[in-house]
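Under our numbering, read the sequence shown as residues 544 to 673, first letter to last.
Note that the Cβ used here is the ideal one computed from N, Cα and C, for glycine as well.
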Amino acid sequence: MIIKDLGRTDSALTITTYMVLLLIPISLVPALFVWEWPTWEQLGWLLLIGICGSAGHLLLNHALKQAPTNVVMPIDFVRLIWVAIFGYFLFGEVPDVFVWIGGAMIFASGLWIAHTENRKRKEAPDDGSG
């Protein structure tokens, strides 16, 4: 994972800044074709989304510096639950069957990866250095 490699040399804030600087031009190109100026209310919401998203990335980058990826990323699956809850209560979105199927596939793949990593670790020969 690139973030984990960058974490060896760069701070979480630097990595988050790289992400923002990369996404601005990538997002700008398609926005040029459909751009409409947001209202003041929408600008406030966009600012809040930007702050929360950047804080989330900053905290994730910090967590990846502190702990192994296979410990941090399974916790990230909790985000699926929060998205469904916020979508329901804030926007009245009821998850359809495809959301449940997709969520189950993502969750099952995470469990499978955790299981195989655990099995690999148990099968690895002990070199006596630990």
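Inter-segment contact for the region 578-587 and the region 606-615 is absent: fewer than three beta-carbon pairs are separated by less than 8 angstroms.
DSSP places ARG662 in the uninterrupted alpha helix (DSSP H) bounded by 640-666.
The same chain holds no residue with a CB closer than 8 angstroms to that of LEU565 once the five nearest residues on each side in sequence are set aside. Rounded to the nearest whole angstrom, the C-alpha separation of ASP553 and GLY653 is 28 angstroms. Just so you know, the alpha carbons of ILE592 and LYS663 end up roughly 40 angstroms apart. PRO568 and TRP578 have their C-alpha atoms roughly 14 angstroms apart.
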